[in-house]
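First up is the structure itself, then whatever we jot down about it.
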Amino acid sequence: MTGALALTGAVLAWLGASILVLADARRGLALGLLLVAAGLALERTAEGSWPGALILAAGGLTSALVGLRRTPRPGWGLLGQGSTPRLILCLVFGAGAFWLGTALITIGTWPGRTAVVAVVALGAARLLTTEDQRAGLTAAAAVALACGLAAGLVNSPEAETAAALAGALAAVALCAMPSLPVAAGSPSG
Amino acid sequence: MAELALGFPVAGALVGSLLRRRHRLSLLACLAFGLGGLLAAATARPERASLGGLDFQLAAPAQTILVASFLAAGLAVLVAPAGADRVPLAVSALGGLAAIAAVAVLRNSVLVALAVLLTAGVHAALPALRSFRERVRAPAFGALLLVLAALLTAGTASVAGARIAGLALVLGVTAAIGLAPYLGALDPREPAPASPVAWLGFLGPTLAVVMATRLSGGLSAEAGDAYAAVLIGLGIFNLGLGAVGGWRSKPGADLWRYSFLGDWGLVLVGLGLLSRDGFGAACLLLVSILLLRLPLYLLARPALVKTGRPELHATGLLVAAALAGSAPFAGFAARLLLLRSATAAAWPLALFLALGMLSWLPLSIRLAQTFGRPSRRVTFGVALLLVINLAVGLYPAFLLKLVGAS
Numbered sequence: 006m007t008g009a010l011a012l013t014g015a016v017l018a019w020l021g022a023s024i025l026v027l028a029d030a031r032r033g034l035a036l037g038l039l040l041v042a043a044g045l046a047l048e049r050t051a052e053g054s055w056p057g058a059l060i061l062a063a064g065g066l067t068s069a070l071v072g073l074r075r076t077p078r079p080g081w082g083l084l085g086q087g088s089t090p091r092l093i094l095c096l097v098f099g100a101g102a103f104w105l106g107t108a109l110i111t112i113g114t115w116p117g118r119t120a121v122v123a124v125v126a127l128g129a130a131r132l133l134t135t136e137d138q139r140a141g142l143t144a145a146a147a148v149a150l151a152c153g154l155a156a157g158l159v160n161s162p163e164a165e166t167a168a169a170l171a172g173a174l175a176a177v178a179l180c181a182m183p184s185l186p187v188a189a190g191s192p193s194g
Numbered sequence: 004m005a006e007l008a009l010g011f012p013v014a015g016a017l018v019g020s021l022l023r024r025r026h027r028l029s030l031l032a033c034l035a036f037g038l039g040g041l042l043a044a045a046t047a048r049p050e051r052a053s054l055g056g057l058d059f060q061l062a063a064p065a066q067t068i069l070v071a072s073f074l075a076a077g078l079a080v081l082v083a084p085a086g087a088d089r090v091p092l093a094v095s096a097l098g099g100l101a102a103i104a105a106v107a108v109l110r111n112s113v114l115v116a117l118a119v120l121l122t123a124g125v126h127a128a129l130p131a132l133r134s135f136r137e138r139v140r141a142p143a144f145g146a147l148l149l150v151l152a153a154l155l156t157a158g159t160a161s162v163a164g165a166r167i168a169g170l171a172l173v174l175g176v177t178a179a180i181g182l183a184p185y186l187g188a189l190d191p192r193e194p195a196p197a198s199p200v201a202w203l204g205f206l207g208p209t210l211a212v213v214m215a216t217r218l219s220g221g222l223s224a225e226a227g228d229a230y231a232a233v234l235i236g237l238g239i240f241n242l243g244l245g246a247v248g249g250w251r252s253k254p255g256a257d258l259w260r261y262s263f264l265g266d267w268g269l270v271l272v273g274l275g276l277l278s279r280d281g282f283g284a285a286c287l288l289l290v291s292i293l294l295l296r297l298p299l300y301l302l303a304r305p306a307l308v309k310t311g312r313p314e315l316h317a318t319g320l321l322v323a324a325a326l327a328g329s330a331p332f333a334g335f336a337a338r339l340l341l342l343r344s345a346t347a348a349a350w351p352l353a354l355f356l357a358l359g360m361l362s363w364l365p366l367s368i369r370l371a372q373t374f375g376r377p378s379r380r381v382t383f384g385v386a387l388l389l390v391i392n393l394a395v396g397l398y399p400a401f402l403l404k405l406v407g408a409s
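Chain order of the listed sequences is A and B.
The numbering of the first sequence is my numbering, which starts it at 6 and goes up by one.
The numbering of the second sequence is my numbering, which starts it at 4 and goes up by one.
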């Protein structure tokens with residue numbers, strides 16, 4: 006049962022990160038971040054770390070709400086024109102994350118590792134390629150949440166809650182950054 | 004105490020930001036919290052401490068560079084151009100110090116990467132001339148590579164994974180700092196906190212020392228070889244690019260950018276030699292970047308914006324000597340130590356380093372010309388920086404002892 010829960014968490018985290026890659030407007034970005042947080046929290050719940058799960062979920066929810074208010078572009082902005090390469094990227098990175106999580110990295114459980122690698126890789130792809138500041142900051146917030154989980158895996162179990170708190174705070178701080186003037190940083194796409 | 008070195012700047016940045024409309028009170032609060040942080044950093048003991056499940060530790064080399072960073076932040080606020088609003092600068096300096104302290108004191112390598120990512124996001128979201136994407140790319144890429152390195156260092160099943168960890172660590176740190184091949188443009192019109200110089204001259208030194216002392220500690224023997232080789236390779240690349248770029252640049256912001264690159268090239272080679280002398284030389288150079296090159300660039304910025312005719316004055320010759328690493332300034336001891344260490348490892352490397360160092364002798368005179376006709380304020384600032392650099396240069400053993408390289 007816990008194995009299935011952890012696997013669901015990993016899939017949900019990958020799905021959320023994929024939506025972050027595919028979305029260009031505020032609802033889509035907020036949904037992606039929420040799903041990432043829910044997936045990571047579900048994975049933590051499966052491992053029996055309730056406080057860490059709650060903190061990650063709360064951090065994801067708060068940063069998604071803050072991001073929703075800060076992002077100027079309305080709507081979902083999902084699967085817009087020219088999104089096929091991004092869709093393929095999500096599938097390839099998902100497979101790559103599964104391979105890294107099961108074959109190369111050995112800390113923690115494999116669904117946890119896969120979830121972390123999927124979110125970090127897809128978040129990185131979005132952050133490093135987008136011209137849109139809000140999309141970049143939301144992707145960075147997702148990576149911060151994944152780092153909160155990963156830091157708990159690397160360190161002793163006592164540090165899990167504090168690491169999740171650090172990740173959640175970083176995610177909220179990133180989403181709370183004010184938007185730059187359009188000329189300086191937020192053309193869409 | 005190590006956690007207080009992080010807590011004071013965080014609190015200072017928040018309080019200073021909240022009080023920003025009350026100018027004098029905000030500056031006083033920033034000064035008080037900055038001094039508190041400096042005191043906490045200087046008196047922290049190297050033992051491991053735990054707070055709320057998180058482990059903190061401030062090792063001696065990181066502590067020395069952290070203290071130098073606090074002093075550099077103070078100098079940056081002090082030498083701000085006449086008429087500039089110091090409150091945003093002081094708040095940004097404290098924010099940067101909080102990031103530096105987090106990198107220096109957090110034992111968990113993923114949290115170090117998280118601190119770098121957060122700093123990259125916040126830094127890129129500051130109003131500036133370049134786009135968000137242009138500013139976030141290198142440091143964010145660095146942070147993501149640091150996450151990969153941390154995960155692979157903590158547990159990998161293969162030798163390839165261990166080697167990738169060493170590679171990702173070095174590439175991550177160089178990307179975060181903004182060294183070649185991730186070099187960004189330096190525009191003197193851009194506010195200093197939002198400029199790439201914040202990474203090159205302020206946040207970078209602590210990150211480099213933490214990489215060399217703590218983050219690389221978990222690497223396996225196979226990964227260690229890759230780590231050292233990539234460090235030396237990138238060091239040579241940066242040193243060469245700095246020299247060539249410097250020769251091709253006119254006296255201006257580009258020349259300053261390449262001068263930072265030249266120093267960083269020497270630092271990377273020093274760290275990659277994995278010797279006590281090499282590490283000592285790297286630390287001396289990092290202190291020199293923090294307490295000489297960065298504040299000098301900030302002092303030269305108003306003249307760089309005006310783009311007046313380059314002029315060389317009497318103080319300019321001393322500035323050129325200090326920037327080139329001539330005796331008796333701090334850079335001289337660093338370069339001697341580096342050459343000694345490189346000679347012991349491989350003489351062709353020492354020959355290349357010597358050529359790289361010598362190439363900066365005439366270039367430093369051109370750098371000193373960028374000050375134009377200095378005002379009294381600039382002359383005072385330059386004199387203060389030269390005295391500090393001279394003190395470190397005359398007695399480098401003190402600093403070397405502090406970082407454990409004597």
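A virtual CB, placed ideally from N, CA and C, is assigned to each residue, including glycine.
This structure is a prediction, so every number in the text was calculated from the model and none was measured.
The distance from the Cβ of Ala176 of chain A to that of Ala146 of chain A is about 4 angstroms, consistent with a contact at the 8 angstroms cut-off. Taking CB atoms only, Ala145 of chain A has a neighbour in chain B less than 7 angstroms away. Counting along the chain, the unbroken alpha helix (DSSP H) around Asp280 of chain B starts and ends at 279 to 291. A Cβ of chain B is located within less than 7 angstroms of the beta carbon of Thr166 of chain A. Per DSSP, Phe332 of chain B is not a residue of any alpha helix (DSSP H), being assigned neither H nor E. Inter-residue distance for Ala317 of chain B and Leu389 of chain B is about 13 angstroms (C-alpha atoms, whole angstroms).
Going by beta carbons, Gly65 of chain A and Leu142 of chain A fall outside the 7 angstroms limit. Against chain A, the CB of Leu320 of chain B has no partner CB under 7 angstroms away; the residue lies outside that interface. Considering only beta carbons, the part of the region 93 to 109 of chain A lying closer than 8 angstroms to chain B consists of Ala108, Leu109, in chain order. Setting aside the 5 residues that flank it on each side, Gly153 of chain A is surrounded in the same chain by Leu61, Ala168, Ala169, Ala171, Gly172, Ala173, each with a C-beta closer than 7 angstroms to its C-beta; the list follows chain order. Rounded to the nearest whole angstrom, the CA to CA distance from Asp190 of chain B to Ala32 of chain B is 30 angstroms. Against chain B, a Cβ distance below 8 angstroms from Gly172 of chain A picks out Leu117. A contact is defined here as three or more CB-CB pairs under 8 angstroms, and the region 116 to 132 of chain B fails this definition with respect to the region 104 to 114 of chain A. Residue-level contact check: Gly221 of chain B does not touch chain A, since none of the beta carbons of chain A fall below 7 angstroms from its beta carbon.
Between the C-alpha atoms of Leu96 of chain A and Gly268 of chain B there is a straight-line separation of about 39 angstroms. Contact of Phe59 of chain B with chain A by beta-carbon distance below 9 angstroms is absent, the smallest such distance being about 11 angstroms. For Ile112 of chain A, the closest Cβ of chain B is nearer than 7 angstroms.
Of all alpha-carbon atoms in B:Asn392, B:Pro351, B:Phe205, the one lying nearest the alpha-carbon of Leu321 of chain B is that of B:Asn392. Straight-line spacing of the CA atoms in Leu42 of chain B and Gly19 of chain B works out to 19 angstroms. Counted as a single uninterrupted DSSP element, the stretch harbouring Ala52 of chain B is not any alpha helix (DSSP H) but the beta strand (DSSP E) occupying residues 52 to 54. Per DSSP, Phe205 of chain B lies in no alpha helix (DSSP H) segment and is marked neither H nor E.
Using beta-carbon distances, Gly55 of chain B counts as an interface residue toward chain A, with a partner under 7 angstroms. For Asp58 of chain B, the enclosing beta strand (DSSP E) starts and ends at 57 to 59. The criterion of a C-beta distance shorter than 7 angstroms is satisfied by Leu170 of chain B and Val233 of chain B. For the set A:Val121, A:Glu165, A:Leu47, the Cα lying nearest the Cα of Gly8 of chain A is the one of A:Leu47. Per the coordinates, the alpha-carbon of Leu287 of chain B lies some 10 angstroms from the alpha-carbon of Phe335 of chain B. Take the alpha-carbon of Thr134 of chain A and the one of Ala144 of chain A: they are about 11 angstroms apart. Contacts with chain A at 7 angstroms (Cβ-Cβ) include Leu147 of chain B.
In the structure shown, the three-state DSSP call for Ala28 of chain A is strand.
In terms of Cβ geometry, Ala127 of chain B and Phe135 of chain B form a close pair [threshold 7 angstroms]. For Arg192 of chain B, the closest Cβ of chain A is not nearer than 7 angstroms.
Pro186 of chain A counts as exposed, since fewer than 16 other C-beta atoms from the protein chains shown sit within 10 angstroms of its C-beta. Put simply, the CB of Cys180 of chain A is far from chain B, with every gap to its CB atoms at 7 angstroms or more.
The contact set of Asn111 of chain B on chain A, defined by CB atoms closer than 8 angstroms, consists of Ala156, Val159, Asn160, Ala164, Ala168 in chain order. Linking Ala347 of chain B to Tyr230 of chain B through their CA atoms gives a straight-line distance of about 19 angstroms.
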